[in-house]
Amino acid sequence: MKKSILLCLLVIIYASCQKKHNDVFYDILDDNFLVLSDTIAYDHNSFFITPNDSIKTNSTRSKDYKICIEKKIIDSREYVPGILKELEGTTYTKYLKLLEKHPYSKLKLIDLKKLKSIGKFKLIALSNPKINKDFESKYIGIIRFYKPFINEKYAILIYSKQSSQKDGVVNACLFKKEEGHWKLEKKIELERW
């Protein structure tokens with residue numbers, strides 16, 4: 009009897025810890041979604057401004073401010089070496105320790121209903137979206153989130169955003185919790201195409 013109660017308590021504690029990390033992920037996004045997505049998309053219907061890009065200036069592009077969000081959270085380990093390289097020799101030692109300890113979120117899918125501070129954007133969840141001309145005419149672009157590294161005071165959130173097959177970026181954002189909100193301390197560009 010005591011063993012089953014103890015086992016039940018351990019399961020509840022483990023589940024609540026995972027829930028806490030997941031809730032922190034959504035808190036970070038709520039505090040910073042417009043910083044990550046960039047409101048330039050309101051005027052240009054794209055995450056990026058590229059000279060002479062006829063696709064983005066095409067009048068047939070939707071003005072609904074729709075952003076496709078990849079439902080699945082992607083593994084972020086491939087970007088850890090790039091983050092480590094950028095942070096070595098800087099004052100961001102707390103983030104280096106965060107990467108070393110790997111308080112890695114177990115989040116697997118994004119629940120868009122939990123995001124509240126998204127500005128004028130309408131978020132659409134899709135699995136394995138493909139960018140083609142039809143997609144580009146309906147959406148501003150795709151945002152993909154990678155598994156974040158989170159503790160009670162610091163977080164590293166890796167994400168990519170892409171508006172067409174030829175323009176996209178992968179960033180790592182370093183966040184610090186101050187006065188109950190997650191503030192962006194540094195953005196590191198890891199990849200651009």
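Position 14, counted from 1, in the sequence shown is what the working numbering calls 22; the numbers after and before it change by one each time, with no gaps. For every residue, glycine included, the Cβ atom is placed at its ideal position computed from N, Cα and C. Given the structure is predicted, the values throughout are model-derived calculations rather than measurements.
Take residue i as the anchor and find which of the options has the nearest alpha-carbon.
i, options, result
"residue 84", "181, 185 and 45", "181"
"residue 132", "140, 148, 93 and 141", "148"
"residue 130", "40, 164, 121 and 159", "121"
"residue 93", "107, 52 and 34", "107"
"residue 34", "193, 183 and 198", "183"
"residue 75", "162, 164, 44 and 95", "44"
"residue 191", "31, 41 and 152", "41"
Taking only three categories from DSSP, how would you classify residue i?
i, result
"residue 175", "strand"
"residue 82", "strand"
"residue 57", "coil"
Can you tell me whether residue i is buried or exposed, with buried defined as 16 or more other CB within 10 angstroms of its CB?
i, result
"residue 175", "buried"
"residue 212", "Because the chain here runs from 9 to 201, residue 212 falls outside it and cannot be looked at."
"residue 113", "buried"
"residue 165", "buried"
"residue 89", "exposed"
"residue 48", "exposed"
Please check the pair residue i and residue j, which I expect to be a contact at CB under 8 Å, by giving their CB distance rounded to whole angstroms.
i, j, result
"residue 178", "residue 168", "4 Å"
"residue 100", "residue 73", "Incorrect: roughly 33 Å between the Cβ atoms, too far for contact."
"residue 80", "residue 117", "6 Å"
Quiz prompt | Contained alpha helix (DSSP H) runs [length at least 4] in the segment 129-197, N- to C-terminal order | solution = Counting only runs of 4 or more residues that sit fully inside the segment 129-197, the alpha helix (DSSP H) segments are 141-146, in chain order.
Self-check item: Contained beta strand (DSSP E) runs [length at least 3] in the segment 95-129, N- to C-terminal order
Solution: Runs found: none.
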